[in-house]
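Trainee: Each residue of the sequence shown is one higher than the one before, starting from 167 at the first, in our numbering.
Quick reminder that beta carbons are idealized off the backbone N, C-alpha and C, glycines included.
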Amino acid sequence: MSDPDPIVESVFDAVAATAPEIRAALPGRRVESGTDNPSGESVLAGDLYADELLADALTAVDGVGSFVSEEREAAVDAGGAVGEGAYAVAIDPLDGSSNLRSNNAMGTVVGVYDAPLPATGRDLVAAGYVLYGPITTMIVADDSGVREEVVEADPAVGDDDAPAVSRSVVEDDLRLPDDPLVYGFGGRVPDWPDAFTAYAREIEDELKLRYGGAMVGDVNQVLTYGGIFAYPALVDAPEGKLRLSFEANPIAYIVERAGGAATDGETDILDVEPEGVHDRVPLYVGNEGLVERLQSALD
Ligand code: P6P
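Take a look at the structure:
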């Protein structure tokens, strides 16, 4: 097993350190901010708070050269030559923030790229996500594999300004179970293309529905129980909904390192060539056999 990359470790230390503050801020930030993000989606106060906190934390990390967020049009220069020793970090600060009103799972998605953005997923050196569920967990994937950690504020170590956090590894070699159990498909059924609808009908007869409206929560179900998650191409939105740089690529990187597969319906997600950092892409991700069946169904 290779030694951990010190910059990657610092990135996930910074992300973990913000988790208790983001979680504690959510109850008071369930309202609309009155603004839209570059993808044209309405932004909650929680989105903006998480984005600001993570921008401050990540741009302060030595070795982070630029920072890209779902909530920002362009990259933030953090100093350092990306691709020449410094990394570009792309985040979705609060994935699934529409779940804030309904008090359901949400999370933060992180991709660490060794190339200026927009870049393909092959330029990822690490990826992960924080999941705000009944407990706060963090998934971290790098070239040594995938691990799951529990993240907790640790007042015994921290101080009033920035409570330190404890990171406890609870699974150090996370692998997709061989026998898939769950599925979750986004979008409205009438908007699914016929070929995907036919595939969904097969899967519905085989697996159990687990769809919570936040990608990180739904993907975590797949990583835990085996299965498939998809936000498919839609009849009126062939590019789907999820963004490549800070949603699909990091998730594809994580699931492929856990033994699964990820596609846009035609090619491996990690090989999709983006034009811009906010490009959308259909995402089908999970057990290899289920993803291969999906690709055949869409051919
Ligand atoms: P829908 C959250 O807004 C998100 O980007 C993903 O986390 C999630 O998978 C998807 O959108 C949910 O979209 O259309 O089901 O609300």
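Is alanine 396 near valine 447, with beta carbons less than 9 Å apart?
Mentor: Here residue 396 corresponds to residue number 230 of the sequence shown, with the count starting at 1. Here residue 447 corresponds to residue number 281 of the sequence shown, with the count starting at 1. Cβ distance not < 9 Å, so alanine 396 and valine 447 don't count as in contact.
Trainee: Starting from the C-beta of alanine 191, find all residues in its chain whose C-beta is less than 6 Å away, skip the five residues before and the five after it, and write them out in chain order.
Mentor: For the purposes of this step, residue 191 is identified with residue 25 of the sequence shown, where counting begins at 1. Residues Tyr215 of the same chain have their beta carbon placed closer than 6 Å to that of alanine 191, with the five preceding and five following residues left out of the count.
Trainee: Please report the distance separating the alpha-carbon of leucine 266 from that of glutamate 239.
Mentor: Counting from 1 along the sequence shown, the entry for residue 266 is found at position 100. Counting from 1 along the sequence shown, the entry for residue 239 is found at position 73. Distance between the alpha carbons of leucine 266 and glutamate 239 is about 23 Å.
Trainee: By the 10 Å Cβ neighbour count, where 16 or more other Cβ atoms means buried, how is lysine 407 classified, buried or exposed?
Mentor: For the purposes of this step, residue 407 is taken as residue 241 along the sequence shown, with counting starting at 1. By the 10 Å Cβ count, lysine 407 comes out buried.
Trainee: Using the rule of at least 16 other Cβ atoms within 10 Å of the residue's Cβ for burial, across every protein chain shown, is glutamate 236 buried or exposed?
Mentor: Here residue 236 refers to the residue found at position 70 when the sequence shown is read from its first residue. Glutamate 236 is buried by the Cβ-count criterion.
Trainee: Are the CB atoms of alanine 247 and asparagine 386 within a distance shorter than 9 Å?
Mentor: Locating residue 386 in the sequence shown gives position 220, where the first residue counts as 1. Locating residue 247 in the sequence shown gives position 81, where the first residue counts as 1. Asparagine 386 places its beta carbon 9 Å or farther from that of alanine 247.
Trainee: Please find out if some non-hydrogen atom of the ligand P6P comes closer than 8 Å to the beta-carbon of aspartate 261.
Mentor: Counting from one through the sequence shown, the residue named residue 261 turns up at place 95. Yes; taking the cut-off as 8 Å, the Cβ of aspartate 261 has a heavy atom of the ligand P6P nearer than that.
Trainee: Return the residue from the list Thr225, Asp338, Thr201 that minimises the CA-CA distance to alanine 244.
Mentor: Translated into the one-based positions of the sequence shown, residue 244 becomes position 78. The shortest C-alpha separation from alanine 244 is found at Thr225.
Trainee: What are the uninterrupted segments assigned as alpha helix (DSSP H) that are 4 or more residues long and contained completely in the region 230–306, given in chain order?
Mentor: 265–268
Trainee: Cβ of glycine 231 less than 9 Å from any chain D Cβ?
Mentor: Judged by its chain identifiers, the structure shown contains no chain D, having just a single protein chain.
Trainee: Do you know how far the Cα of valine 296 is from the Cα of aspartate 338?
Mentor: Along the sequence shown, one-based indexing puts residue 338 at 172. Along the sequence shown, one-based indexing puts residue 296 at 130. Their backbone Cα atoms lie some 16 Å apart in a straight line.
Trainee: Between which two residues does the beta strand (DSSP E) harbouring leucine 210 extend?
Mentor: Walking along the sequence shown from the start, residue 210 turns up at place 44. Run containing leucine 210: 208–210, per the beta strand (DSSP E) assignment.
Trainee: Mind the definition here: the region 374–381 touches the region 354–362 only if three or more C-beta pairs lie below 8 Å; say whether that holds.
Mentor: no
Trainee: By DSSP, does tyrosine 377 sit in helix, in strand, or in coil?
Mentor: For the purposes of this step, residue 377 is taken as residue 211 along the sequence shown, with counting starting at 1. Three-state result, tyrosine 377: coil.
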